[in-house]
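Residue numbers for the sequence shown follow the numbering used here, beginning at 48 and rising by one.
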Amino acid sequence: MADKAAQLEACKVAASNYQSQLQVAATKDEALTLAISAAENLMKALKLSSSSEEKRQLKSQCGVLMDVADRIKKSTTWMSPSKERPPSTKSAQIGQWAANVTALTSSASAYNESTSSDAPATHSVSQSVVPVTAGSTAEDGHSRDKLLSPFEAKIRDLSPLTQLSSEPRIPQTSTRAMSSSASPAHIHRLTEPISTRKRSKKEDIILLKASVVNGFKCPPWDKNPAATDFTPQNGQDLFVDTHDLSLSPYQQQFFKGWIRAIDAVPPPSLYPNDRHGISPLMSSLRSIDLVQDAASDCSVVASLCAGVARAERGHDQMLQDKLYPFDKNLGRPVPSTNGKYIVRLNFNGCWRKVVIDDRLPVSSTHRLLHVTDRRNPALLWPALLEKAYLKVRGGYDFPGSNSCSDLWTFTGWVPEQVFLQETDTIPDKLWKRIYNAFLYGDVLVTAGTGKMSTRQERELGLEGQHSYVVLDMKETDHDRLLLIKNPWVEGKGWRGPRPQAASFIDSSSSGEDSQNGLEVYHRDSVPTAERPHPTTFWIGLEQVIQHFESLYLNWNPGLFRHRQDIHFDWTIDAQKTPGNCIVKHPQFMFASKKAGLVWFLLSRHFRDALPDIKEESDAFNDGTVRADSQVNTSGDPPKGYMSIYVCTGNGERLYIKEAYLESSDYVSTPQCLLRWEAEADTNYTVVIDQDDLPPSQYTFSLSSFSNSPIVLEPAALKYGVQKVEKGAWTRQSAGGSTSSPRYFENPQYALELRERTSLTILLTSSGHNHPLHIKLALGHGKRIYRLQSRDVLADSGNHRVGAATAEIKDLQPGLYTIICSLFEAGQTGDYALRIDSSDAVNLKQIPRDGAGLKSMKLAPACFGPNMHKIAAPLLPHRLASYTIVARFLKATSPRSIDHGMLARSPLRFSVEQGRGPERKFLIASERGEYADSATVRSESVHLDPALVNRHDLWLVLDRLSGPGGPVEEWYDLEIFTDMPDAYSVGVWRDWSD
48 MADKAAQLEA CKVAASNYQS QLQVAATKDE ALTLAISAAE NLMKALKLSS
98 SSEEKRQLKS QCGVLMDVAD RIKKSTTWMS PSKERPPSTK SAQIGQWAAN
148 VTALTSSASA YNESTSSDAP ATHSVSQSVV PVTAGSTAED GHSRDKLLSP
198 FEAKIRDLSP LTQLSSEPRI PQTSTRAMSS SASPAHIHRL TEPISTRKRS
248 KKEDIILLKA SVVNGFKCPP WDKNPAATDF TPQNGQDLFV DTHDLSLSPY
298 QQQFFKGWIR AIDAVPPPSL YPNDRHGISP LMSSLRSIDL VQDAASDCSV
348 VASLCAGVAR AERGHDQMLQ DKLYPFDKNL GRPVPSTNGK YIVRLNFNGC
398 WRKVVIDDRL PVSSTHRLLH VTDRRNPALL WPALLEKAYL KVRGGYDFPG
448 SNSCSDLWTF TGWVPEQVFL QETDTIPDKL WKRIYNAFLY GDVLVTAGTG
498 KMSTRQEREL GLEGQHSYVV LDMKETDHDR LLLIKNPWVE GKGWRGPRPQ
548 AASFIDSSSS GEDSQNGLEV YHRDSVPTAE RPHPTTFWIG LEQVIQHFES
598 LYLNWNPGLF RHRQDIHFDW TIDAQKTPGN CIVKHPQFMF ASKKAGLVWF
648 LLSRHFRDAL PDIKEESDAF NDGTVRADSQ VNTSGDPPKG YMSIYVCTGN
698 GERLYIKEAY LESSDYVSTP QCLLRWEAEA DTNYTVVIDQ DDLPPSQYTF
748 SLSSFSNSPI VLEPAALKYG VQKVEKGAWT RQSAGGSTSS PRYFENPQYA
798 LELRERTSLT ILLTSSGHNH PLHIKLALGH GKRIYRLQSR DVLADSGNHR
848 VGAATAEIKD LQPGLYTIIC SLFEAGQTGD YALRIDSSDA VNLKQIPRDG
898 AGLKSMKLAP ACFGPNMHKI AAPLLPHRLA SYTIVARFLK ATSPRSIDHG
948 MLARSPLRFS VEQGRGPERK FLIASERGEY ADSATVRSES VHLDPALVNR
998 HDLWLVLDRL SGPGGPVEEW YDLEIFTDMP DAYSVGVWRD WSD
């Protein structure tokens, strides 16, 4: 206790010293730093204090210091209060903070007396206001290591030395009082970062081509529409779009026609007889309660609900400012006089113009085919936003998406999908990450269920494969609660356990006449006799994780200061790319000036229906499996997956998928997010991967977000010169690995270098799944028949399926030999050999043994157990060139059970004229030396039939017997000649002396 008291006093003294120094600060930055330092020490003291009165005093002092720091930071011209200057209006305004400092240091008690713990102060932050309630201290048990107070958050925002963290801002709320968010006096908006990299011409073309979706053109947004776009010109009729959006067979049952908004909103079923004085409205004084009915777009309606709920708590322009015509003075859209509306939506790489007419699908019954406000059915703008989005996505028979993808299109907020059923989902960690960000208004939260049986739906009160919106979040000493709404008008309500704390929240709501959006949501969750299971309900986090499949998050991009976008295309071939080969994958160089969190967002563009593909547009079905209860699903598998991963590739293109630093999940949705910690001033390679995307050409956008300056550009080839040769392993050339006696029969290439060169060798095969291998050896550009380890300059290591690569730097000019092999002999298939080099090279395949020659295989030659030399008579018939090859077949011994373990003896062979000491060697293998390799061969030598007239010619095989007793060895011999019928060979015989 004594230590705690001493620390408390030390913090108070330090704060007082900083306040004193603030009076004589020489520069603006010094004054700001001193004010922040004083506030930080007061915050430390606040956490250490155990006196409620002292806490109140410390809190009020800290609040004043934050105001002082805020004014210092915002002042455009600054002068130290210690310097004398003539009085003026400007100097009086700029120096106002000095008066506050003086008041703070001289009469802190006055501020303390005027600050009541019962009157909550508010702290304006991005698009929301979070109350500071009495007792919100470290002793509440929730601020020890996971919550910062609004003062601490503001310290971070004000500090000139601290970059805004990409982690969501974290407010503090009382875990006991649980008071609702207050209405903001003003909103401090975060500025969304804009990509600063210059697009290439190819990227501009990609964005222009991506303007056509579902037969409609949606060009990039260049400027706000003019007022004349929405007024009739020269007696023209009301605007009508080029064609109507499609409806599902289920919706067709109720469809009456496309009706202008003036007659469609409110729905005709509500006023079947007299609509006099009734017209659509663009604003509502009541809290908005959007619902879907016969529409199949639960994710879209849940997204609209999330945006409305956020707007009602401090961000009124989240959705409404996307609709034109828009009145800046009123701060909302206004009706169009010519029936035309333009909606600003974010998809296919940028913000785009989506033009719609005001005709809505009207039902012949009470069922509704578009979104409606249950409390104010005359509200029009949600239905117009819905129509614009469904125009992009294919029509009102939209099979479903996910709400974070929808909100990305509506708002541009960064989407993230959290898979709740994954084993790495930790409830505490998940709650800490989203709860405080939600209270600050930096994240929108929606949820989705997976497939459910009818029994599960009935017992739980949840819809299977359905989207829900999270309207509020609360934390008590024992519970973590979410207020969730089912947007379906006739939907089920939660039948599971209702949290005990929900009753306390209900009782704290205002009266029935309150139109505060959050309080209305709370009232909607209260069970009644008529509604024992309301469709808006409180549910515990553990129940959400157990019964929901995913949480969908959309993060405020203003949390980041820097952003870079890049747009690219990718052709997926019908022939599947080898599993580990990424040479054709999109790859990018990324670097961050400072270490910190970086987010990568990959977005696949919606495409128009392609003439060569017999299916609907990608925008109609993005591969997500989501539908409402009244929509039949085909059960088709998702249309492929995509992913992002980061490698230490120095920003250069990679050839093979090897170890990576971080990767995202493989997702079938149009967006994919990767969150990753980057090191400062390090070049990384970012790789885009896919699995099972249908063969076609796709376009994508990759965005990176950070609080440090970043660079995102296409990755460059490490070596700019390329050479490619294609070939195949055949039965004759598939020699297998180095352990096979046929290894040197594999395809070999002569590599010629004229300059000192660095290079990478890539061997790929898409026609089979056999493991591959490469060797670069000192072969002088000739076919290699024996190889020692010292002759190998580079190889690809272990055999790899799909692709193998080897790299060597500063290779001297000269001729080299490359060997391309499979793991098993006899396996056939195609391959491509690619050389990337720093200078030009020549690459040419070396003909295999006997290529273009006549071949004859002799009867197998066998050394008996005690034989060391055998021979066969050779009779030339005409002048020809001879090349002889001997291949080891097997070794047998009566003393060995496992014949495979027997070692072969060193061998040589020769063509000899005569016998005995006077014999003459005409041909000799390996220059007359014994060789222990599995294949022994001779150079090409011409033999003249005239030689036979002098002495007989003999093909002689000679072995050095090894240890281990008598062993039989079998060899296969093949003779290649350049003339047909050039010779004949007799039978083998013992040739021992």
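Virtual Cβ for every residue (Gly too), placed ideally from N, Cα, C. Nothing here was measured: the structure is a model prediction, and the numbers come from that model.
message = Relative to the C-alpha of Ser884, which candidate in Pro860, His594 and Tyr487 has its C-alpha closest?
response = Indexing the sequence shown from 1 puts residue 884 at position 837. Looking at the Cα atoms, Pro860 is the closest of the given residues.
inquiry  = Under DSSP, the alpha helix (DSSP H) around Tyr568 begins and ends at which residues?
reply    = The residue you call residue 568 lines up with position 521 of the sequence shown. Unbroken alpha helix (DSSP H) run through Tyr568: Gly564 to Asp571.
inquiry  = Just to confirm my understanding: we take His652, look at its own chain, exclude 5 residues before and 5 after, and list those with CB closer than 6 Å. What are they?
reply    = Taking the first residue of the sequence shown as position 1, residue 652 is located at position 605. Ala257, Asn395 and Thr746, listed in sequence order.
query = With a cut-off of 8 Å, do at least 3 Cβ pairs link the stretch 401-419 to the stretch 324-339?
reply = Contact holds: three or more Cβ-Cβ distances are below 8 Å.
query = Mapping DSSP to helix, strand and coil, what is Ser350?
reply = Position 303 of the sequence shown, counted from the first residue, corresponds to residue 350. The three-state secondary structure of Ser350, taken from DSSP, is helix.
task = Quick one: give me the first and last residue of the alpha helix (DSSP H) that Asp310 is part of.
result = By 1-based counting over the sequence shown, the position of residue 310 is 263. First-last of the alpha helix (DSSP H) with Asp310: Ala308 to Ala311.
ask   = Taking the DSSP output, what are the residues bridged to Phe394?
value = Translated into the one-based positions of the sequence shown, residue 394 becomes position 347. The secondary-structure analysis by DSSP pairs Phe394 across a beta bridge with Cys397.
ask   = Do you know whose CA, among Gly767, Asn603 and Thr930, lies nearest His989's CA?
value = Your numbering for residue 989 matches position 942 in the sequence shown. When the alpha-carbon of His989 is set against those of Gly767, Asn603 and Thr930, the nearest one is in Thr930.
query = Since Ser748 is in the beta strand (DSSP E), which residue starts that stretch and which ends it?
reply = On the sequence shown, residue 748 is found 701 positions in, with the first residue counted as 1. Note, Ser748: beta strand (DSSP E), Ser743 to Ser753.
query = By the 10 Å Cβ neighbour count, where 16 or more other Cβ atoms means buried, how is Ala621 classified, buried or exposed?
reply = Within the sequence shown, residue 621 is the residue found at index 574, counting from 1. Counting Cβ neighbours within 10 Å, Ala621 comes out exposed, since fewer than 16 surround it.
inquiry  = Buried or exposed for Ser836, going by 16 or more other Cβ atoms inside 10 Å?
reply    = Here the question's residue 836 lines up with position 789 in the sequence shown. An exposed status is given to Ser836, since fewer than 16 other beta-carbon atoms sit within 10 Å of its beta-carbon.
ask   = Tell me the DSSP bridge mates of Thr238?
value = Walking along the sequence shown from the start, residue 238 turns up at place 191. According to DSSP, Thr238 shares a beta bridge with no other residue.
Val355 (DSSP reduced to helix, strand or coil) = Position 308 of the sequence shown, counted from the first residue, corresponds to residue 355. Val355 falls in the helix class under three-state DSSP.
request  = With a floor of 3 residues, list each beta strand (DSSP E) that falls wholly inside the stretch 712-795, ordered by position along the chain.
outcome  = Counting only runs that start and end inside the stretch 712-795, the beta strand (DSSP E) elements of at least 3 residues fall at 718-725, 731-738, 743-753, 757-761 and 768-776.
message = I'd like to confirm something about Cys58: is its beta-carbon nearer than 8 Å to some heavy atom of the ligand PLP, or not?
response = No copy of the ligand PLP occurs in the structure displayed, which carries no ligand at all.
query = Between the stretch 472-483 and the stretch 736-754, do three or more beta carbon pairs fall short of 8 Å?
reply = A contact between stretches requires three or more CB pairs, one per stretch, nearer than 8 Å, and the stretch 472-483 fails this requirement with the stretch 736-754.
message = Can you list, in chain order, the residues of its chain with a C-beta nearer than 6 Å to that of Thr618? Leave out the 5 residues immediately preceding and following it.
response = As a first step, residue 618 is located in the sequence shown; it is residue number 571 there, counting from the start. Scanning its chain for C-beta atoms nearer than 6 Å, with the 5 sequence neighbours on each side dropped, one finds around Thr618 the residues Gln744, in chain order.
message = To test your reading of the DSSP string, which unbroken alpha helix (DSSP H) runs of 4 or more residues are found completely within the stretch 362-446?
response = Along the stretch 362-446, the alpha helix (DSSP H) occurs as fully enclosed runs of 4 or more residues at 428-440, listed in sequence order.
ask   = Identify the residues that DSSP records as bridge partners of Ala981: which are they?
value = Mapped onto the sequence shown, residue 981 falls at position 934. Ala981 has no beta-bridge partner at all, per DSSP.
query = Which residues mark the beginning and the end of the beta strand (DSSP E) in which Lys901 is found?
reply = Counting from 1 along the sequence shown, the entry for residue 901 is found at position 854. Where Lys901 is concerned, the enclosing beta strand (DSSP E) stretches over Lys901 to Lys904.
request  = Work out the CA separation of Gly488 and Asn601 for me, nearest whole Å.
outcome  = Within the sequence shown, residue 601 is the residue found at index 554, counting from 1. Within the sequence shown, residue 488 is the residue found at index 441, counting from 1. When rounded, the distance between both Cα atoms is 10 Å.
request  = Tell me whether Asp276 sits in a helix, a strand or coil according to DSSP, three-state version.
outcome  = Here residue 276 refers to the residue found at position 229 when the sequence shown is read from its first residue. Asp276 falls in the helix class under three-state DSSP.
task = Check whether the Cβ atoms of Glu959 and Leu1000 lie closer than 9 Å to each other.
result = Taking the sequence shown and counting its residues from 1, one reaches residue 959 at position 912. Taking the sequence shown and counting its residues from 1, one reaches residue 1000 at position 953. Yes. Within cutoff.
query = Is it buried or exposed for Arg41, if we count other Cβ within 10 angstroms and need 16 for buried?
reply = Nothing can be reported for residue 41, as the shown portion of the chain is limited to 48 through 1040.
inquiry  = Which same chain residues end up closer than 6 Å to Phe870 when comparing Cβ atoms and leaving out the 5 residues on each side of it in sequence?
reply    = Position 823 of the sequence shown, counted from the start, is the residue given in the question as residue 870. For Phe870, same chain residues with a beta-carbon under 6 Å away, outside a window of 5 residues either side, are Ser784, Pro818 and His846 in chain order.
inquiry  = Could you tell me the alpha carbon to alpha carbon distance between Asn271 and Pro240, rounded to whole angstroms?
reply    = On the sequence shown, residue 271 is found 224 positions in, with the first residue counted as 1. On the sequence shown, residue 240 is found 193 positions in, with the first residue counted as 1. Using only the alpha carbons, I get a separation of about 19 Å.
inquiry  = For Gly564, tell me which candidate among Phe607, Arg360, Ala430 and Leu392 has the shortest Cα-Cα distance.
reply    = Start at 1 with the first residue of the sequence shown, and residue 564 comes out as number 517. Closest option to Gly564, Cα to Cα, is Arg360.
request  = Would you kindly check if the distance between the Cβ of Pro794 and the Cβ of Arg40 is under 9 Å?
outcome  = Outside the displayed span of the chain (48 to 1040) sits residue 40, for which this structure offers no information.
Buried or exposed (CB count within 10 angstroms, at least 16 for buried), Ser190 = Position 143 of the sequence shown, counted from the start, is the residue given in the question as residue 190. With a pLDDT of 34 at Ser190, under the threshold of 50, the predicted position of this residue should be treated as unreliable, though the coordinate-derived value follows. Its Cβ being crowded by 16 or more others within 10 Å, Ser190 is buried.
request  = Let me know if Asn376 comes out buried or exposed under the rule of 16 or more other beta-carbons within 10 Å of its beta-carbon.
outcome  = As a working mapping, residue 376 is identified with position 329 in the sequence shown. In the assembly as shown, Asn376 is an exposed residue. Its beta-carbon has fewer than 16 other beta-carbons within 10 Å.
inquiry  = Can you tell me whether Arg962 is helix, strand or coil according to DSSP?
reply    = Sequence index remark: in the sequence shown, residue 962 carries index 915 (1-based). Correct three-state label for Arg962: coil.
query = Ends of the beta strand (DSSP E) at Tyr515?
reply = Indexing the sequence shown from 1 puts residue 515 at position 468. Per DSSP, the continuous beta strand (DSSP E) segment holding Tyr515 begins and ends at Ser514 to Glu522.
task = Give a yes or no on whether the C-beta atoms belonging to Asp857 and Thr804 are separated by under 9 Å.
result = Position 810 of the sequence shown, counting from 1, holds the residue named residue 857. Position 757 of the sequence shown, counting from 1, holds the residue named residue 804. For Asp857 and Thr804, yes; Cβs fall inside 9 Å.
request  = From the DSSP output, in three-state form, read off Lys264 for me.
outcome  = Translated into positions along the sequence shown, residue 264 becomes position 217. Here Lys264 sits in strand by DSSP.
query = Mapping DSSP to helix, strand and coil, what is Asp877?
reply = Here residue 877 refers to the residue found at position 830 when the sequence shown is read from its first residue. Correct three-state label for Asp877: strand.
inquiry  = I'd like the span of the alpha helix (DSSP H) that includes Ile252, first residue to last.
reply    = Mapped onto the sequence shown, residue 252 falls at position 205. Run containing Ile252: Lys248 to Lys256, per the alpha helix (DSSP H) assignment.
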